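To start, the structure itself, in structure tokens.
2 protein chains.
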Amino acid sequence: MKIVHTIADIRASVAAARLEGKTIGLVPTMGYFHEGHLSLMRQARKDNDFVVVSLFVNPTQFGANEDLRDYPRDMDRDALMAEEAGVDLIFSPSVEEMYPEGYQTYVAVEEMTKGLCGEFRSVHFRGVATVCLKLFNIVQPDRAYFGRKDYQQLKVVERMVKNLNVPLEIVGMPTVREPDGLAMSSRNTYLSSEERKAALVLSKSLAYAQELLDSGITSGAEIQREVEVFIGPASGGLARIEYVSVVHPETLECLDRIENEAVIALAVRIGKTRLIDNGVIRNA
Amino acid sequence: MKIVHTIADIRASVAAARLEGKTIGLVPTMGYFHEGHLSLMRQARKDNDFVVVSLFVNPTQFGANEDLRDYPRDMDRDALMAEEAGVDLIFSPSVEEMYPEGYQTYVAVEEMTKGLCGEFRSVHFRGVATVCLKLFNIVQPDRAYFGRKDYQQLKVVERMVKNLNVPLEIVGMPTVREPDGLAMSSRNTYLSSEERKAALVLSKSLAYAQELLDSGITSGAEIQREVEVFIGPASGGLARIEYVSVVHPETLECLDRIENEAVIALAVRIGKTRLIDNGVIRNA
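Going down the list, the sequences are from chains A and B. Offset between the first sequence (1-based) and this note's numbering: plus 253. Offset between the second sequence (1-based) and this note's numbering: plus 253.
So this is what it looks like as structure tokens:
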């Protein structure tokens, strides 16, 4: 496995693979790999002849008071894990390589980024869409892989690709969870052991929302309220709710009434750590 | 020469040309061709094996009170002219094909679009950048051709391509002028014969700015003021100034002092018609 740091080098490597007629898969990441990332790499390995993982903690998707500086990093460990997952090449550029002096171009997906995480992280999705488009243009992959854990991110990237006619396929992969249900996240490393237990409230909330729907409650607003009431006691008082929303799976608009299925998405803070989770709930 | 209207059709045609190993040139236009457009097509013909002209009056680059509805259109005449210029394919999509329901993604180049035309047409360059990026993704050309008459547009597209790592070359071509100096523009067709004479004030202003610099005036603000004073009488009182600016050729920032060269750019209204022009002025 090769590790390159410049746009010129990654383009040369990808061009060589293309010349051999190989298909290209890209897994965009911010590093500090867990099983969620590895599941994307393994799927990319199955679907493509040449697998690129980008590893870049993208400053434009962090707000001023967020954890950019503290975001966990471990390049050596990441490189070993990626190699074991069958990755051909890691692209790990510097901030200056991606955003040189005079940088001033941003991509915005509008309606879909106003709710959910967008309300609390206003510049976040602009940064995500911009860096993904840059990576797509640099690597020019046939397929790019994203986890459903960051559901709004997945849908925003899908919409951007569709709207801007970017010539590639976005592959969304299931959330990978710890045995007890906690969604894998690089940010789980911030949790104390007490907080780690309380963090189970996220996955429990998804199951609870399905129970509410099964009991005949089809109002999105009512499910949201019930889940909000549930979170306090179920986290031993450690969780502060940022949002709980019941939304249309594609438009991400809040659903008054659940006909067939909906996505319940939530963000809570456990101590200083912001965690998100989501799941589909279905009307039987 | 073929004319296609859907993204699927243009992609199939371009893919066939690619399979034959051909290089692709793209000339994005809003139609109603004049010699300026034809000069781009002829250059594209020289540089590439397969030449695509897009013809799309892009609604997202017109403001609410602008001439979208009245913008001149003549597809039959345009097709004949393009064929004579050696174009292989015209891509002429509908508005629905380019902006289907649920469309919500826009590209913004920030600092460079605040001054000059950007001050008076606030959504204009967002629309230009977005439609160009879509066309680049749809056609995937090796080179795309733009006239320097729309200088700010050329620089905005160049910056977008650089910032977003779009894999193509932007070729900027000289402004084509009528024998008396008026820059060719589809909007010249709006002018009455009296207005047509008054419109010469634009190219005369560029020459006058060079004279001022030659006389030793190197202050951008002073040249701007002198040209503003010149425009009224020189247009027989028919021109209303929108802006006169002396700017850095790449950043488009206003220049206090002209060291080597500057771009003077101006926009005036002659009657109801908005005209722009620009030129490089050089310190001898």
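We put the beta carbon where it would ideally sit given N, CA and C, even for glycine. None of the values given here were measured: they were computed from a predicted structure.
- Selection B:Phe373, B:Ala451 and B:Val267 evaluated against Glu319 (chain B) yields B:Phe373 as nearest (Cα-Cα).
- Gly289 (chain B) sits buried, since 16 or more C-beta atoms from the chains shown fall within 10 Å of its C-beta.
- With a threshold of 8 Å between beta carbons, Thr313 (chain B) makes no contact with chain A.
- Here Glu422 (chain A) is not near Arg440 (chain A), since their CB atoms are 8 Å or more apart.
- In the three-state DSSP reduction, Pro312 (chain A) falls in the helix class (H, G or I).
- Following the DSSP letters along the chain, one finds Phe286 (chain B) in no beta strand (DSSP E), marked with neither H nor E.
- Contiguous alpha helix (DSSP H) elements confined to the segment 305 to 351 of chain B occur at 328 to 337 and 348 to 351, taking only those with 4 or more residues.
- A distance below 7 Å between beta-carbons, with the five flanking residues on each side excluded, links Leu465 (chain A) to the following residues of its chain, in chain order: Ile476 and Glu479.
- The beta carbons of Asn311 (chain A) and Val384 (chain A) sit about 4 Å from each other, so the pair counts as a contact at 8 Å.
- Nearest in C-alpha terms to Val409 (chain A), of all of A:Met283, A:Glu350, A:Glu363 and A:Ile534, is A:Glu363.
- The three-state reading of DSSP puts Leu293 (chain B) in helix, counting H, G and I together.
- Neighbours of Leu386 (chain A) across chain B, judged by C-beta separation under 8 Å: Leu417.
- Those residues of the segment 385 to 410 of chain B placed with their C-beta closer than 7 Å to a C-beta in chain A are Leu386, Lys387, Asn390, Ile391 and Gln393, ordered along the chain.
- In this structure, the CA atom of Lys367 (chain A) is about 47 Å from the CA atom of Lys299 (chain B).
- For Ile260 (chain A), the residues of chain B that pass the 9 Å Cβ criterion are Asn418, in the order they occur in the chain.
- Of all residues in the segment 441 to 471 of chain A, none is placed with a Cβ closer than 7 Å to any Cβ belonging to chain B.
- Val360 (chain B) is not a Cβ neighbour of Val419 (chain A), given a cutoff of 8 Å.
- Annotated three-state conformation of Lys402 (chain A) is coil, per DSSP.
- Taking a beta-carbon distance threshold of 8 Å, Arg412 (chain A) counts as an interface residue toward chain B.
- For the segment 336 to 370 of chain A, the residues whose beta carbon sits under 7 Å from a beta carbon of chain B are, in order, Tyr356, Gln357, Thr358, Tyr359, Val360, Ala361, Val362, Glu363, Glu364 and Met365.
- The beta-carbon separation of Val533 (chain A) and Val516 (chain A), rounded to 6 Å, stays under the 8 Å limit for a contact.
- If you draw a straight line from the Cα of Arg330 (chain A) to the Cα of Ala338 (chain A), it comes to about 13 Å.
- Arg510 (chain A) sits exposed, since fewer than 16 C-beta atoms from the chains shown fall within 10 Å of its C-beta.
- Per DSSP, reduced to three states, the secondary structure at Ala520 (chain B) is strand.
- The residues Ala537, in chain order, have a CB closer than 7 Å to that of Asp467 (chain B) in the same chain once the five nearest residues on each side in sequence are set aside.
- Boundaries of the beta strand (DSSP E) around Lys255 (chain A): Lys255 to Val257.
- The Cβ atoms of Lys402 (chain A) and Thr442 (chain A) lie no closer than 8 Å to each other.
- Taking C-beta separations shorter than 8 Å and ignoring five residues to either side along the sequence, the partners of Lys387 (chain A) in its chain run Met351, following chain order.
- In this structure, the alpha-carbon of Met437 (chain A) lies about 16 Å from that of Gln406 (chain A).
- Cβ atoms of Met328 (chain A) and Gln357 (chain B) stay farther apart than 8 Å, at about 36 Å.
- Fully contained in the segment 446 to 496 of chain A are the following alpha helix (DSSP H) runs of length 4 or more, in chain order: 446 to 451, 454 to 467 and 473 to 487.
- DSSP, read as helix, strand or coil, puts Ser438 (chain A) in coil.
- DSSP lists B:Ala520 as the bridge partner or partners of Ile529 (chain B).
- Within the model, the alpha-carbon separation for Arg264 (chain B) versus His287 (chain B) is close to 27 Å.
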